[in-house]
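J.:
Numbering (the working numbering), first residue to last: 447 to 629.
1) Following the continuous alpha helix (DSSP H) through residue 611, name the residue where it begins and the one where it ends.
2) Classify residue 546: buried if its beta carbon has 16 or more other beta carbons within 10 angstroms, exposed otherwise.
3) Quick one: is residue 618 buried, meaning 16 or more other Cβ sit within 10 Å of its Cβ, or exposed?
4) So residue 605 packs on residue 565, CB below 8 Å; how close in whole Å?
5) Please confirm whether residue 518 and residue 579 have their CB atoms less than 8 Å apart.
6) Can you have a look at residue 598 and say buried or exposed, based on whether 16 or more other CB atoms are within 10 angstroms of its CB?
7) Can the beta-carbon of residue 601 be found closer than 8 Å to that of residue 590?
8) Considering just the uninterrupted stretch of the beta strand (DSSP E) at residue 600, what are its terminal residues?
9) If you reduce the DSSP assignment to three classes, tell me which class residue 592 lands in.
10) Which residue from 536, 479 and 541 puts its Cα closest to that of residue 502?
11) Between the alpha carbons of residue 583 and residue 500, how many angstroms are there, rounded?
12) Exposed or buried, residue 623, counting other C-beta atoms within 10 Å across all chains shown (16 or more means buried)?
13) Taking the alpha helix (DSSP H) that residue 576 falls in, what are its first and last residues?
14) Thinking C-alpha only, which one of 544, 512 and 614 is nearest residue 531?
15) At the level of alpha carbons, what is the spacing between residue 494 and residue 558?
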């Protein structure tokens with residue numbers, strides 16, 4: 447009976463330490479958790495077309511800025527429009543893969559592809575992509591597996607103020623409130 451009480455107290459103490467550590471060192475705890483269990487760090491995003499970043503990045507040798515045209519000059523990176531896809535996908539000559547044929551169909555019908563937004567920050571947060579691009583911050587720092595997996599994935603471990611603050615502190619970037627919370 448005494449062993450059970452000691453074991454229960456030890457378990458409660460361990461849980462208490464874990465809760466305190468999580469709230470005091472949440473970024474570090476999340477980073478540790480996601481490094482031990484990386485499969486929880488991302489979720490697949492169902493898009494109307496299973497856009498294969500690997501083919502476009504490695505086989506066709508396009509960089510992120512080719513499709514995300516505004517990333518070098520604006521806050522938003524932008525979602526590619528159908529005119530951009532038309533450059534390569536006006537016919538099925540490039541690829542006969544089912545997903546590429548879906549793009550051809552959108553192009554031939556002149557319809558925009560209804561992409562689902564992968565990341566959305568609150569309205570009070572300003573994220574100027576162009577500053578990060580000029581600072582030579584690789585897109586994978588925030589977007590993780592995008593470009594390394596066939597399916598578009600959203601990194602769930604990186605869309606928080608704590609994560610951004612931790613990155614800014616590590617890189618020696620400004621951590622003043624107005625850096626991210628001004629118009």
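Glycine included, each C-beta is placed from N, C-alpha and C at the ideal position. Just so you know, these numbers come straight off a predicted model, no measurement behind them.
T.: The answer reads as follows:
1) 607-617
2) buried
3) exposed
4) 6 Å
5) yes
6) buried
7) yes
8) 599-601
9) strand
10) 541
11) 20 Å
12) exposed
13) 575-580
14) 512
15) 11 Å
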